[in-house]
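Novice:
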Amino acid sequence: MLVSLNAGQAAERAAGAALAAGAEQAAALRHPERAAAWLRARTLRALTHLSGGAPAGAAERREALAALGVDNAVYQRLAAMSIRDRAALVASAIERFARIDIETILQASPAATGRIVARARDRYLRSVRERPSEMPSASPADAYGELARRVQAVASRAMSSEAERR
15 MLVSLNAGQA AERAAGAALA AGAEQAAALR HPERAAAWLR ARTLRALTHL SGGAPAGAAE
75 RREALAALGV DNAVYQRLAA MSIRDRAALV ASAIERFARI DIETILQASP AATGRIVARA
135 RDRYLRSVRE RPSEMPSASP ADAYGELARR VQAVASRAMS SEAERR
């Protein structure tokens, strides 16, 4: 849902096709993390190629994502990113996949995966720095739950690491 920004029918078709293909590959996908990465890679490929089916309106998409702790500012920041960058950010920072699994999801070499993940994080964090007033005044952990706590922790670590490099 985060990667597609809850793009309605296209997201449903992409996930359904990945699950159907995964069922056919069940014997080869015995390792849970590798299977999860494989399914996400298939879904990402399908999302980048699928068209048709009107996605839900912005208000409906935001409402559905609010249940995951995605407020308007986070939605806007994610919407400004490419789907591949969103996938890299979600896989690395939210779902915390191993590097090998992120390579599978992005279908990229280790070096390219590193660049894609770094670029996605930099773009997201740059948008946070450029518009800090859009961040909610209440703690996201209080308002939105576990997902927001994880996003906030990752952003804090990344921003403190960047400050240390300076």
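Sequential numbering from 15 applies to the sequence shown in this note's numbering. Every residue, glycine too, gets a C-beta built ideally from N, C-alpha and C.
Less than 8 angstroms between C-beta atoms, sequence neighbours within five positions excluded: which residues of the same chain meet that for I97?
Specialist: Indexing the sequence shown from 1 puts residue 97 at position 83. The residues are V17, S18, L58, L61 and T62.
Novice: Can you look up L79 in the DSSP assignment and give me helix, strand or coil?
Specialist: Locating residue 79 in the sequence shown gives position 65, counting from the first residue. It is helical.
Novice: Give the DSSP-derived three-state secondary structure of E74 in the structure shown.
Specialist: For the purposes of this step, residue 74 is identified with residue 60 of the sequence shown, where counting begins at 1. Reduced to three states, the DSSP call for E74 is helix.
Novice: Going by CA-CA distance only, name the one from L120, E109 and A107 that's closest to W52.
Specialist: In the sequence shown, the residue the question calls residue 52 occupies position 38. Of L120, E109 and A107, the residue nearest in Cα terms is L120.
Novice: Hey, quick one: how far does the alpha helix (DSSP H) through Q90 stretch, first residue to last?
Specialist: Mapped onto the sequence shown, residue 90 falls at position 76. First-last of the alpha helix (DSSP H) with Q90: N86 to A93.
Novice: Quick one: is E117 buried, meaning 16 or more other Cβ sit within 10 Å of its Cβ, or exposed?
Specialist: In the sequence shown, counting from the first residue as 1, residue 117 sits at position 103. Buried is the call here.
Novice: Does the distance from the CB of R56 to the CB of D115 come in under 8 angstroms?
Specialist: Here residue 56 refers to the residue found at position 42 of the sequence shown. Here residue 115 refers to the residue found at position 101 of the sequence shown. No, Cβ-Cβ distance for R56 and D115 is not below 8 angstroms.
Novice: Hey, N86 and R100 are a contact pair by Cβ (cut 8 angstroms); roughly how many whole angstroms apart?
Specialist: By one-based count along the sequence shown, residue 86 stands at place 72. By one-based count along the sequence shown, residue 100 stands at place 86. Going by Cβ atoms, the distance from N86 to R100 rounds to 16 angstroms, so no, they are not a contact pair.
Novice: Could you check where the alpha helix (DSSP H) with E109 kicks off and where it finishes?
Specialist: Taking the sequence shown and counting its residues from 1, one reaches residue 109 at position 95. Neither: E109 is in no alpha helix (DSSP H) and is coded neither H nor E.
Novice: Need the endpoints of the alpha helix (DSSP H) that S123 sits in, please.
Specialist: For the purposes of this step, residue 123 is taken as residue 109 along the sequence shown, with counting starting at 1. Looking at the DSSP string, S123 is not in any alpha helix (DSSP H), and its letter there is neither H nor E.
Novice: Cutting at 7 angstroms between CB atoms, please list the residues of its own chain near A93, excluding the five before and the five after it.
Specialist: In the sequence shown, counting from the first residue as 1, residue 93 sits at position 79. Excluding positions up to five away in sequence, the list reads L19.
Novice: Compare the beta carbon distance of A105 and R135 with 8 angstroms and say whether it is the shorter of the two.
Specialist: Along the sequence shown, one-based indexing puts residue 105 at 91. Along the sequence shown, one-based indexing puts residue 135 at 121. No, they are not a contact pair.
Novice: Rounded to whole angstroms, what is the Cα-Cα separation between G83 and Q90?
Specialist: Within the sequence shown, the letter at position 69 stands for residue 83. Within the sequence shown, the letter at position 76 stands for residue 90. In a straight line, the C-alpha of G83 is about 13 angstroms away from that of Q90.
Novice: Skipping 5 residues on each side, what residues in its chain have a beta carbon closer than 8 angstroms to that of L222?
Specialist: Residue 222 lies beyond the stretch modelled for the chain, which goes from 15 to 180, so this question has no answer here.
Novice: Is it right to say A102 is buried, meaning 16 or more other beta carbons lie within 10 angstroms of its own, or is it exposed?
Specialist: If you number the sequence shown from 1, residue 102 lands on position 88. Buried is the call here.
Novice: Which of the three DSSP states, helix, strand or coil, is assigned to L19?
Specialist: In the sequence shown, the residue the question calls residue 19 occupies position 5. Coil.
Novice: Should A132 be labelled buried (16 or more other beta-carbon atoms within 10 Å of its own) or exposed?
Specialist: Within the sequence shown, numbered from 1, the residue matching residue 132 stands at position 118. Burial call: exposed.
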